[in-house]
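Trainee: Going by our numbering, the letters in the sequence shown line up with residues 568 to 972, in that order. Starting off with a structure, shown below.
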Amino acid sequence: MKNKIINAYIYSYASLLVIIASYKIIALLLHKNYMDAFADLFINYQGGFIRRGLIGSLLLSIYQISGISPIALAIVLSIAAYSFIFLYCLSKLKSYNYGFAFLTPCYLFGGIGIYGLGYMRRDYIILSAFLLITFLWKRLSARLWLYISLFICIITILCYEPFLFVCLPYFAILNQLKCQKVRTTIIALFILLLTFTICCLYPGTPIAKNQIWESTRSFLPQIGTIEFIGRNSIEVMKFHFYNNFIRIEHNVPCLAISLVSVIGMTYYLTNGLYVFNKDKFQVNDRKGIMFYLCLSYIFQIPMFICLSTDYSRICTYSAFTTIIMFTTIKYDTLVRYLPNKIDKKLNSIIEFTDIVFKPTKFKIFSIMLLIGIAEWTGGGIGQFIYSSELGTIIKCIKTIMNFHL
568 MKNKIINAYI
578 YSYASLLVII
588 ASYKIIALLL
598 HKNYMDAFAD
608 LFINYQGGFI
618 RRGLIGSLLL
628 SIYQISGISP
638 IALAIVLSIA
648 AYSFIFLYCL
658 SKLKSYNYGF
668 AFLTPCYLFG
678 GIGIYGLGYM
688 RRDYIILSAF
698 LLITFLWKRL
708 SARLWLYISL
718 FICIITILCY
728 EPFLFVCLPY
738 FAILNQLKCQ
748 KVRTTIIALF
758 ILLLTFTICC
768 LYPGTPIAKN
778 QIWESTRSFL
788 PQIGTIEFIG
798 RNSIEVMKFH
808 FYNNFIRIEH
818 NVPCLAISLV
828 SVIGMTYYLT
838 NGLYVFNKDK
848 FQVNDRKGIM
858 FYLCLSYIFQ
868 IPMFICLSTD
878 YSRICTYSAF
888 TTIIMFTTIK
898 YDTLVRYLPN
908 KIDKKLNSII
918 EFTDIVFKPT
928 KFKIFSIMLL
938 IGIAEWTGGG
948 IGQFIYSSEL
958 GTIIKCIKTI
968 MNFHL
């Protein structure tokens, strides 16, 4: 495929996403559809640990002090974080020229990312916190960075407990390279684990849910609930495990389809920029991306066994943390601290991929266009296609055809 054709498509698709995102924001404000804001910013319910999330508490405190709408602040915060991550990816990948710089964020945000243009979620706020940690890593002394980054991690875990699984391996790498002390790294990781454990000691109850609802009902049209609110933590973990691995007629097909999504995304990120600019994107760059992706998958295993059924988050967290780490610490630097076995294994995987399924522009473009992700609610193959870039384009066209405010 010619670069000009792909460039033209990427620019057109990016423009379409901007138009639809703007429309959705305006519609959200006019129709007061605030359920996403409540569900993802005002309450923590991950794994059944139902309590007031720290973000929601801060927004309500500001509301009580200044009268500024917490909904308005939630929307601004979500959109700012969403834009922050998008622009970061764009700026770091611009050396491949701007058309191909759009390649990665457009696919991850508009296709395989969390429900396409689902910006009213905590996920991008969490990723922004992680990005801030890596930004400071390059600019502060070891001791100052350690204190500030630990504070950011603790606050973010209090906002959303599973951030622990997202940041833990990368925080260990950053801390070890910065401080050069194993004991310091172990102590820092213990503090993060302790924070997560403390969060887990305060599971929610129907009473807690009702109290949260009472404090928000003046500006939210209705309460956002999920079916296991009110159960204890062990019951909720059993609920997730059952739906992820045992409930054959519903979620197991989604799990199988989601594995296709994860494999497709791994292939795409490892080889996408490589096939378009082999002069600047070398074999070590491919190994670096694959290493960070695999590390993220491994450490998210506990989260997706018994704490969640939302497989789309695997793709979102892994993809963007990988891009952030890849642009912060190159594999050439990291490989000096890794066992030779890991480097050889990454080499063999890439060589095997090049033989069996050699990366080409057409294959990368096809993955962008056709591979989405099945939602945990049982969307199956239909949802898999509908959440791809092709599906996103169809949804955007329908939105434009049915345009009304």
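In this text, a Cβ means the ideal position worked out from N, Cα and C, and glycines have one as well. None of these values were measured; they are calculated from a predicted model.
Exposed or buried, which one is glycine 614 when buried takes at least 16 other CB atoms within 10 Å?
Mentor: Taking the sequence shown and counting its residues from 1, one reaches residue 614 at position 47. Residue confidence for glycine 614 is low, a pLDDT of 45 falling below 50, so the modelled location carries little weight and cannot support an answer.
Trainee: Taking 7 Å as the limit between beta carbons, can you name the residues of its chain near serine 695, skipping five residues before and five after?
Mentor: For the purposes of this step, residue 695 is taken as the residue at position 128 of the sequence shown. Answer for serine 695: Ala648, Phe651, Ile652, listed in chain order.
Trainee: What number of angstroms, rounded off, separates the C-alpha of threonine 920 from the C-alpha of threonine 927?
Mentor: Taking the first residue of the sequence shown as position 1, residue 920 is located at position 353. Taking the first residue of the sequence shown as position 1, residue 927 is located at position 360. Going from the Cα of threonine 920 to the Cα of threonine 927 covers about 12 Å.
Trainee: Terminal residues of the continuous alpha helix (DSSP H) containing threonine 927?
Mentor: Indexing the sequence shown from 1 puts residue 927 at position 360. No alpha helix (DSSP H) contains threonine 927, which DSSP labels as neither H nor E.
Trainee: Would you report the Cα separation of phenylalanine 616 and serine 863, rounded to the nearest angstrom?
Mentor: Within the sequence shown, numbered from 1, the residue matching residue 616 stands at position 49. Within the sequence shown, numbered from 1, the residue matching residue 863 stands at position 296. Residue confidence is low: phenylalanine 616 scores 49 on pLDDT, short of 50, so the model does not pin down where it sits. Its coordinate-derived value is still stated next. Each residue's alpha carbon lies about 23 Å from the other.
Trainee: Is tyrosine 727 helix, strand or coil by DSSP?
Mentor: Translated into the one-based positions of the sequence shown, residue 727 becomes position 160. The answer is coil: DSSP assigns tyrosine 727 none of H, G, I, E or B.
Trainee: Residues in the same chain with beta-carbon distance under 7 Å from alanine 739, minus the five sequence neighbours each way, listed in chain order, please.
Mentor: By one-based count along the sequence shown, residue 739 stands at place 172. Counting only Cβ-Cβ distances below 7 Å, and skipping sequence neighbours, we find Thr752, Leu756.
Trainee: By alpha-carbon positions, which one of Cys882, Glu802, Glu781 ends up nearest to leucine 822?
Mentor: Here residue 822 refers to the residue found at position 255 when the sequence shown is read from its first residue. Checked all of Cys882, Glu802, Glu781; the closest Cα to leucine 822 is Cys882.
Trainee: Would you kindly report the start and end of the unbroken alpha helix (DSSP H) that includes phenylalanine 866?
Mentor: Position 299 of the sequence shown, counting from 1, holds the residue named residue 866. That run of the alpha helix (DSSP H) goes 850-866.
Trainee: What whole-angstrom Cβ distance do lysine 845 and leucine 913 have, given they're in contact under 8 Å?
Mentor: Position 278 of the sequence shown, counted from the first residue, corresponds to residue 845. Position 346 of the sequence shown, counted from the first residue, corresponds to residue 913. The Cβ separation is near 18 Å, so there is no contact.
Trainee: Is isoleucine 722 closer than 8 Å to leucine 621 when the C-beta atoms are compared?
Mentor: Position 54 of the sequence shown, counted from the first residue, corresponds to residue 621. Position 155 of the sequence shown, counted from the first residue, corresponds to residue 722. Going by C-beta atoms, leucine 621 is nearer than 8 Å to isoleucine 722.
Trainee: Give me the residue from Leu711, Phe730, Pro637, Ile961 with the minimum Cα distance to cysteine 766.
Mentor: Along the sequence shown, one-based indexing puts residue 766 at 199. Checking every option, the nearest Cα to that of cysteine 766 belongs to Phe730.
Trainee: Below 8 Å on the Cβ atoms is my contact criterion, and I expect isoleucine 872 with asparagine 811 to pass it. Report the Cβ-Cβ distance as a whole number of Å.
Mentor: As a first step, residue 872 is located in the sequence shown; it is residue number 305 there, counting from the start. As a first step, residue 811 is located in the sequence shown; it is residue number 244 there, counting from the start. The Cβ separation is near 7 Å, so the contact holds.
Trainee: If you measure between the beta carbons of leucine 717 and leucine 840, is that distance less than 8 Å?
Mentor: Mapped onto the sequence shown, residue 717 falls at position 150. Mapped onto the sequence shown, residue 840 falls at position 273. No, the Cβ-Cβ distance between leucine 717 and leucine 840 is not below 8 Å.
Trainee: Taking C-alpha atoms, which residue in Lys930, Ile891, Phe932 lies nearest to tryptophan 704?
Mentor: Counted from its first residue, the sequence shown places residue 704 at position 137. Selected option, being the one with the closest Cα: Ile891.
Trainee: Give the straight-line distance between the Cα atoms of isoleucine 700 and methionine 968, rounded to the nearest whole angstrom.
Mentor: Position 133 of the sequence shown, counting from 1, holds the residue named residue 700. Position 401 of the sequence shown, counting from 1, holds the residue named residue 968. Using only the alpha carbons, I get a separation of about 43 Å.
Trainee: Is it right to say lysine 965 is buried, meaning 16 or more other beta carbons lie within 10 angstroms of its own, or is it exposed?
Mentor: What you label residue 965 is simply residue 398 of the sequence shown in a count that begins at 1. Classification for lysine 965: exposed.
Trainee: Distance, Cα to Cα, serine 825 vs isoleucine 940?
Mentor: Translated into positions along the sequence shown, residue 825 becomes position 258. Translated into positions along the sequence shown, residue 940 becomes position 373. Cα to Cα, serine 825 sits roughly 6 Å from isoleucine 940.
Trainee: Is the separation between the beta-carbon of phenylalanine 889 and that of leucine 836 shorter than 8 Å?
Mentor: Counted from its first residue, the sequence shown places residue 889 at position 322. Counted from its first residue, the sequence shown places residue 836 at position 269. The question names phenylalanine, but residue 889 is threonine in the sequence shown. The answer is yes: Cβ separation under 8 Å.
Trainee: Taking the alpha helix (DSSP H) that isoleucine 891 belongs to, which residues open and close that run?
Mentor: Within the sequence shown, residue 891 is the residue found at index 324, counting from 1. It spans 879-895 - the alpha helix (DSSP H) in which isoleucine 891 sits, taken as one unbroken run.
Trainee: Below 8 Å on the Cβ atoms is my contact criterion, and I expect leucine 707 with isoleucine 719 to pass it. Report the Cβ-Cβ distance as a whole number of Å.
Mentor: The residue you call residue 707 lines up with position 140 of the sequence shown. The residue you call residue 719 lines up with position 152 of the sequence shown. The pair is not a contact, with the Cβ atoms about 12 Å apart (cut-off 8 Å).
Trainee: Please tell me whether methionine 935 and glutamate 956 are closer than 8 Å, where the distance is taken between their beta carbons.
Mentor: Residue 935 sits at position 368 when you count from the first residue of the sequence shown. Residue 956 sits at position 389 when you count from the first residue of the sequence shown. The answer is yes: Cβ separation under 8 Å.
Trainee: For proline 869, which residues of its own chain have a beta-carbon under 8 Å away from its beta-carbon, when the five flanking residues on both sides are left out?
Mentor: As a position in the sequence shown, residue 869 is number 302, starting the count at 1. The answer, listed in chain order, is Phe732.
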